[in-house]
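Undergrad: Per our numbering: the sequence shown ends with 299, consecutive numbering throughout. Handing you this structure, nothing more for now.
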Amino acid sequence: MSEEAIKELKAKRDAAIQVQDEKWQREIEQLEQRVEEHTDLDIGNGVKIAIYTRLNEKRKKHYVRLIKELQSLGTRKEVDTGEFDEKGMEIKKWKIVLSESDEKRGEEIGYEIIEFATLNPMFTVTWFKDNPDKFALEDLLNNIVMYYNLQAIRWTEQAVGTKSFRTKPGGTKLR
């Protein structure tokens with residue numbers, strides 16, 4: 125094989141590698157864009173706030189940690205209802221009792237979730253603490269948490285749905 129032919133083959137190989145590398149780079153860029161996508165979440169009466177549609181891994185881990193911490197606040201107390209079931213057993217209910225420090229931490233967790241979930245740079249933990257009369261924490265927080273819970277359900281259903289497009293083991297036909 126001549127030197128000219130070898131150079132031509134190397135040039136073709138390098139060009140093919142470059143095309144493949146550009147493809148991989150575009151995929152990375154698309155992934156990066158997906159975690160920056162946002163939507164205007166309607167929190168009621170036409171009021172909308174911009175939130176990220178997907179949480180990157182860092183935000184997601186932070187979100188999960190905060191939700192778990194929020195769920196662990198308070199102590200469970202048994203409450204007498206004065207009601208009885210058909211066997212004559214008293215029906216008991218549980219109530220979560222929050223201490224003052226639990227309530228304060230719960231608010232801070234809510235502020236943190238809103239701060240990282242929204243695109244508004246003015247929504248900070250400090251702003252929320254300084255302006256408690258300008259917003260309803262539950263209003264924002266409930267809508268954001270519901271949105272992410274529904275997204276998680278949709279993504280799970282979507283992942284389950286992709287199984288129908290996979291080939292059978294050892295075969296080439298689609299299910």
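Glycine is no exception: its CB is placed at the ideal position from the N, C-alpha and C atoms. Note that the structure is predicted; figures quoted are calculated from it, not measured.
(1) How about residue 207 and residue 220: do their beta carbons lie closer than 9 Å?
(2) Can you tell which of 168, 174 and 170 has the C-alpha that lies nearest to the C-alpha of residue 161?
(3) Is it buried or exposed for residue 280, if we count other Cβ within 10 angstroms and need 16 for buried?
(4) Name the two residues that bound the continuous alpha helix (DSSP H) containing residue 240.
(5) With contact counted as at least three CB pairs below 8 Å, one residue from each stretch, are the region 180-199 and the region 231-251 in contact?
(6) Would you check if the distance between the CB atom of residue 177 and the CB atom of residue 275 is smaller than 9 Å?
(7) Can you list, in chain order, the residues of its chain whose CB lies under 6 Å from that of residue 217, leaving out five sequence neighbours each side?
TA: Let's see:
(1) As a first step, residue 207 is located in the sequence shown; it is residue number 83 there, counting from the start. As a first step, residue 220 is located in the sequence shown; it is residue number 96 there, counting from the start. Not closer than 9 Å, so no.
(2) For the purposes of this step, residue 161 is identified with residue 37 of the sequence shown, where counting begins at 1. If we check each option's Cα against that of residue 161, 174 comes out closest.
(3) Position 156 of the sequence shown, counted from the first residue, corresponds to residue 280. Classification of residue 280: exposed, given that the 10 Å Cβ count is below 16.
(4) Here residue 240 refers to the residue found at position 116 of the sequence shown. Where residue 240 is concerned, the enclosing alpha helix (DSSP H) stretches over 224-241.
(5) The answer is yes - the region 231-251 touches the region 180-199, with three or more Cβ pairs under 8 Å.
(6) Position 53 of the sequence shown holds residue 177. Position 151 of the sequence shown holds residue 275. Yes; because the gap between Cβ atoms is below 9 Å, this pair is in contact.
(7) Start at 1 with the first residue of the sequence shown, and residue 217 comes out as number 93. Within the same chain, residue 217 has close Cβ partners 203 and 205.
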